[in-house]
Each structure stands twice: as structure tokens, then as C-alpha cells.
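Residue numbers (the UniProt record's numbering): 1 to 396.
In C-alpha cells form, the structure reads like this:
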């Protein structure tokens with residue numbers, strides 16, 4: 001029998017004790033224990049049951065019998081101590097939105113290299129551009145499990161790394177890119193004007209005419225705009241960060257661009273500059289009526305009604321209202337960047353200038369849009385070369 005209860009007398013008082021065998025450790029050592037001093041047999045029995053449960057639970061953990069989700073929750077608490085709140089949010093989104101549906105309820109001991117490989121392929125097939133980061137985040141959590149001696153090896157680390165090029169090639173092969181033509185863009189911007197909200201009209205003018213990211217525009221301050229030389233400095237972006245680990249509440253904050261390519265100083269056309277100047281005057285008037293000072297050094301170009309950062313998703317809501325109201329063709333806000341690249345290509349701007357405007361650190365992404373919408377450019381180049389040779393050969 002693994003447990004025995006016995007009554008005994010101490011200082012003329014009858015008490016209960018028990019001796020038990022709980023099991024073996026991971027190293028094969030037997031665990032036996034004795035507990036005493038209980039007023040009743042029932043109290044001794046309750047203590048024994050809890051002791052056995054605690055031992056079994058710990059033993060299960062040591063055999064990898066906790067779920068990935070349980071490990072993730074332990075990991076994220078430790079991770080908070082050494083990284084920025086914005087990094088926590090990125091990791092949480094990757095795991096909670098994309099990894100837990102596959103790994104969440106799986107026991108650590110049941111997560112195999114083959115399973116990890118299948119999930120990696122699924123992320124690529126589903127068109128997630130951040131699939132390489134999902135893999136890295138899962139591997140990070142499983143490595144924490146190795147450090148805690150819950151598992152011996154990290155199966156995700158044994159899988160083939162997901163390369164961005166592999167994702168890009170898959171997207172090019174399967175994705176149908178959608179952009180606005182010059183006429184469609186003009187109709188959309190005219191609809192913004194009809195809508196009657198100058199902040200929204202100006203925001204989408206900047207989005208369309210600069211190729212900037214939606215959160216880069218929301219982070220703009222008036223001191224980023226040089227009205228003397230018609231230049232716009234982009235060096236920041238908005239991000240949702242975690243500020244209360246206990247409640248997991250978030251807030252919006254501005255942070256510097258992560259890459260040098262993301263920091264840029266681009267030219268703005270005169271009509272857009274005039275619109276910005278008009279919006280600046282209108283903004284100051286509107287906030288003055290509300291009793292809000294809007295002339296400080298770091299005044300935002302596109303704040304919310306309380307003169308604070310807008311939510312990063314706010315422009316999506318603006319777009320949805322206008323597209324619905326005027327029954328317009330729909331594209332995503334990221335596809336405004338592709339629209340900008342495609343129209344720059346139509347205007348015969350060179351690749352390097354377009355890359356700089358949109359903040360691409362290499363030509364791969366820019367070329368994909370180039371080649372997707374204008375495959376005839378390469379054919380035209382061949383014709384131009386042949387015509388050049390044909391013309392020049394008579395000059396010698």
C-alpha cells in the first residue's frame with residue numbers, strides 16, 4: 001500500500017500521521033515521506049491527496065507534459081523583464097494570433113520536428129509575410145522549455161529556417177496584387193474631399209503621394225515638414241505597446257524607425273504642401289475652439305480629438321467609411337504603397353528613387369511590384385537596346 005494512516009498520542013493528545021510512497025523522480029529515485037500532527041484522520045487524508053497531486057503535477061512537468069500555452073505564459077512573464085513593451089506586443093501577436101491555434105493545447109513532449117515543419121509550411125502557404133518571425137518566436141519559447149529542463153531538445157530549431165525570399169516568391173506566385181489606377185486614385189481622393197473632413201482628406205493625400213506607411217504618417221509632427229523647401233522627414237512610426245503586464249493593457253506610442261532606410265527625407269509636390277498648410281491652420285483653429293493648445297514643438301499632424309495619438313487602425317476606419325459611402329473599389333491601406341510604387345513606375349522614375357521614397361532597404365519588394373504590373377518594361381528595354389545599336393552602328 002502506498003500510504004498508511006496511524007493514530008498516535010503526544011502530550012496526552014490523540015493525533016494522526018501518515019507515511020506514504022509518492023513515486024519515483026525523473027532519475028529513478030523513490031520518494032517517501034512522513035507527515036504528522038493532524039487533529040483528524042480526514043485532515044491527514046486531505047494533506048496526503050494534495051501532496052500526491054503536487055508530486056504528480058511536478059513529475060508530469062518534468063516529463064514534458066505541460067502544454068505549449070502553459071510554457072508560453074511562463075515565458076512571456078520572464079521576457080517582459082528584458083525587452084521593450086513594443087517587443088512584447090509583437091511577440092504576443094505572433095504567438096496568440098498565429099501559433100497557439102496549432103501549438104497551444106499540445107503537450108511539449110508531443111511537439112515533433114515534423115509537426116513544426118508542417119506548421120511552418122502552412123504559414124507560408126497562407127501568405128503570412130511574417131512567417132519567419134512566427135517560427136523564431138515559437139523556437140524562442142521552446143528553447144525556454146529546454147532551459148527549464150522540461151524538454152531535452154528544441155524541435156523548432158531543427159526545422160529549416162524560413163527565408164524572407166521564400167515567402168516573397170510564394171506571394172508573387174500566388175498573390176493577385178490590387179492597386180488603384182491613376183483614374184481610380186483621383187476618384188478616391190475626390191471622394192475624400194466630398195466627405196468634408198480635411199484631416200482625413202489630407203491624410204489620404206499624403207498616403208497616396210508619398211508611399212509612406214499608415215503608422216509613419218500618424219506619427220508625423222509639424223516640425224517634420226519643411227514648408228520652405230517642400231520636404232517631409234519620416235523617422236518615426238506608431239506602435240501599440242504593452243504598459244500594464246498584469247492586465248495586459250496597451251497604449252499607442254511613437255518609436256523611431258528600426259532601419260536606416262526607414263528614415264528618409266522626401267520631396268512633396270506643391271499642391272500637397274498647400275493642402276498641409278491649410279490643414280495646419282484649420283487644426284489650430286479647431287483645437288483653439290475646444291480650448292486645446294496645438295502649437296507646441298511636437299504637435300502631431302494627425303492627432304485624435306483629444307490631441308493625442310490616433311489608434312494605428314484608425315485610418316482603416318476612415319477608409320471604410322469613405323469606400324462604403326461612395327461605393328468605391330476597395331484596396332488595403334498597405335496597397336496604397338503598392339499603388340504609389342506602380343504609379344512611380346508608370347512615370348518612369350528610376351528604381352533607386354522609388355526605393356528611397358517608400359523606405360525599402362533593398363530592391364526586392366520594389367522590383368516585385370515593378371515586374372508584376374509592368375512586365376512589358378523588360379521587353380521594352382530589349383527593344384530599346386536593339387534600336388540603339390541599330391542607330392549607333394551607322395555613326396562609325
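A virtual CB, placed ideally from N, CA and C, is assigned to each residue, including glycine.
Residue i to residue j span [Cα, whole Å]
i           : j           : result
residue 277 : residue 343 : 25 Å
residue 131 : residue 294 : 42 Å
residue 44  : residue 24  : 22 Å
residue 309 : residue 108 : 41 Å
residue 340 : residue 267 : 14 Å
residue 146 : residue 66  : 13 Å
residue 70  : residue 95  : 12 Å
residue 7   : residue 47  : 15 Å
residue 194 : residue 312 : 24 Å
residue 56  : residue 119 : 31 Å
residue 318 : residue 236 : 22 Å
residue 393 : residue 348 : Residue placement at residue 393 is flagged as unreliable, the pLDDT there being 49, under the threshold of 50; the coordinate-derived value follows with that caveat. Looking at the two C-alpha atoms, the distance is approximately 27 Å.
residue 128 : residue 356 : 25 Å
residue 9   : residue 89  : 60 Å
residue 82  : residue 216 : 26 Å
residue 442 : residue 115 : Coverage of the chain is limited to positions 1 through 396, which leaves residue 442 absent and any answer about it impossible.
residue 187 : residue 150 : 59 Å
residue 16  : residue 30  : 24 Å
residue 104 : residue 77  : 17 Å
residue 324 : residue 196 : 15 Å
Beta-carbon proximity check, residue i vs residue j, cutoff 7 Å
i           : j           : result
residue 232 : residue 225 : yes
residue 292 : residue 264 : no
residue 221 : residue 300 : yes
residue 203 : residue 302 : yes
residue 256 : residue 238 : no
residue 117 : residue 181 : no
residue 72  : residue 141 : yes
residue 275 : residue 205 : yes
residue 421 : residue 5   : Residue 421 cannot be examined here, being either before or after the span of the chain that is shown, 1 to 396.
residue 106 : residue 68  : yes
residue 85  : residue 252 : no
residue 178 : residue 335 : yes
residue 139 : residue 157 : yes
residue 198 : residue 282 : yes
residue 111 : residue 155 : yes
Beta-bridge pairing of residue i - partner residues as DSSP gives them
i           : result
residue 16  : 7, 38
residue 226 : 231
residue 95  : BP columns for residue 95 are empty, so no partner.
residue 266 : 232
residue 300 : 221
residue 251 : 241
residue 256 : 236
residue 107 : 67
Where residue i sits in the DSSP three-state scheme
i           : result
residue 396 : Note that residue 396 scores a pLDDT of 44, beneath 50, so its modelled location is shaky; the value from the coordinates is reported in the next line. Reduced to three states, the DSSP call for residue 396 is coil.
residue 289 : helix
residue 277 : helix
residue 339 : helix
residue 202 : helix
residue 219 : coil
residue 194 : helix
residue 239 : strand
residue 32  : strand
residue 294 : coil
residue 313 : coil
residue 426 : Residue 426 cannot be examined here, being either before or after the span of the chain that is shown, 1 to 396.
residue 86  : helix
residue 67  : strand
residue 130 : coil
residue 409 : Residue 409 is absent from the structure shown; the chain starts at 1 and stops at 396.
residue 79  : helix
residue 326 : coil
Nearest to residue i (by Cα), restricted to the options the options
i           : options            : result
residue 280 : 201, 187, 75       : 201
residue 189 : 153, 284, 322      : 322
residue 14  : 39, 316, 2         : 39
residue 333 : 101, 315, 223, 191 : 315
residue 337 : 241, 210, 296, 91  : 210
residue 49  : 348, 360, 18, 272  : 18
residue 327 : 192, 37, 306, 228  : 192
residue 2   : 115, 105, 21       : 21
residue 183 : 354, 9, 329        : 329
residue 185 : 197, 129, 138, 207 : 207
residue 137 : 98, 313, 324, 115  : 98
residue 286 : 324, 297, 307      : 307
residue 228 : 216, 213, 214, 269 : 269
residue 12  : 33, 37, 31         : 37
residue 214 : 353, 33, 358       : 358
Check: residue i C-beta below 6 Å from any heavy atom of the ligand GDP
i          : result
residue 48 : For the structure depicted, the ligand GDP is absent and the ligand set is empty, with no information on it obtainable.
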